[in-house]
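Reminder that position 217 of the sequence shown reads as 217 in our numbering, one-by-one numbering, no gaps.
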Amino acid sequence: MELQQMRYVVAVAETNSFTRAAERCLVVQSALSHQIARLEKELGARLFERTSRRVRLTPAGAAFLPAARQCLDAAERAAAEVAAAVGEVRGRLAVGLIPTVTAVDIPGALRDFRERYPRVRVSLRVGASDDLVEQVREGALDVAFLGLPTTVRPQGVAAHELARDRLVAVVAPDHPLAGESRVDLRRLSSEVFVDLPAGTAGRAQSDLAFEAAGLTRDVAFEVTSADFIARLVGPGLGVAMLPTAYAPHLAGVVTIEVADAPARVEYVIWSRFSRTPAATAFLTALGITPTDS
């Protein structure tokens, strides 16, 4: 069993095509098919079901795929560690972030990082804070940027607090509150809300604040993107609460200070147990001395 064969299997599984997999791997299709056939013979099981119209994993292929990915990741990690030992940082850097992160200029940080370490391949994943924490724990992400309520701290990962922020109300330009300089949660509780899905850390910031004040509210629209929240608020479908530092990035809405606004904390997190040379270099570039706590 060879690493190249595993790369071919992963490529076919991700593209659902021997042709596209061969293009991705820069090899002729016949050679890729031959190597996968050799691997299937060695394993004693077919990894793919092939028809004239589709390619899909067999149960054996589905069982093989996660381990193949782990082997390829381990091989890449080994090469990166050797390179780091002789002063070269390379490999991959998988970064996760929430859409509303503002404590770090992510594009600027990545630009500076790539200029210094051009052999590092960077991938970005946008998601909810809870999901990002889980992906860092599992090793799918090297570093992630989160926003959490002040009563919550990331668990099972190393974390560094970046900044604290408060939420502001976001309303349509023609909303009755648009002319106000300040509102409170009680006044806002009578409005229809647009917010993130229930159970997410971003939603919890507002939910906990209203609950602590003994108030209820009507969240009529749940969306997964902060940008799309603003797109629903602008036409007047509801109001929202978003971080103060993020609000200036939005167009077509008005922001209002909230007297008893909930606060949030932005963190950068990484694994407590393993850290790639690229992850260490990225954190150092941010001015953070990475530890395992």
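For every residue, glycine included, the Cβ atom is placed at its ideal position computed from N, Cα and C.
Because the structure is a prediction, the values reported are computed rather than measured.
Counting along the chain, the unbroken beta strand (DSSP E) around L97 starts and ends at 91-97. Taking all protein chains in view, the Cβ of T150 is surrounded by fewer than 16 other Cβ atoms within 10 Å, so the residue is classified as exposed.
Secondary structure in the segment 203-251: the beta strand (DSSP E) runs of 3 residues or longer, each lying completely within the stretch, are 218-222, 240-243 in chain order.
Looking only at P262, E257, F228, the smallest Cα-Cα distance to A251 is reached by F228. When Cβ pairs closer than 8 Å are counted between the two stretches, the segment 156-174 is seen to touch the segment 250-266, the count reaching three or more.
Bounds of the alpha helix (DSSP H) holding P277 are 277-285. Looking at the DSSP output, G44 bridges to nothing. In this structure, the beta-carbon distance from L132 to F282 does not fall below 7 Å. Taking every protein chain shown into account, the CB of V192 has fewer than 16 other CB atoms within 10 angstroms, so this residue is exposed.
DSSP, read as helix, strand or coil, puts F113 in helix. Contact between V122 and R116 does not hold, since their C-beta atoms are separated by about 12 Å, which reaches or exceeds 8 Å. Assigned with DSSP and collapsed to three states, H160 falls in strand. Residue R203 holds the alpha-carbon nearest to the alpha-carbon of M241 among E266, R203, Y267, Q155. In the three-state scheme derived from DSSP, where H, G and I count as helix and E and B as strand, I288 is classed as coil.
Ranked by Cα distance from G108, the first of R166, L286, V223 is L286. For D195, the enclosing beta strand (DSSP E) stretches over residues 192-195. The continuous alpha helix (DSSP H) containing A21 extends over residues 18-25. Taking 8 Å as the upper bound for CB-CB distance, I288 and V265 are not in contact here, some 15 Å apart. T15: member of the alpha helix (DSSP H) spanning 3-15, first to last residue. Residue pairing by DSSP puts I256 in a beta bridge opposite A169. Contact check for A63 against D184 fails: the beta carbons are separated by 7 Å or more.
Per DSSP, the unbroken alpha helix (DSSP H) holding R137 starts and ends at 129-138. Where R119 is concerned, there is no enclosing beta strand (DSSP E), because DSSP gives it neither an H nor an E.
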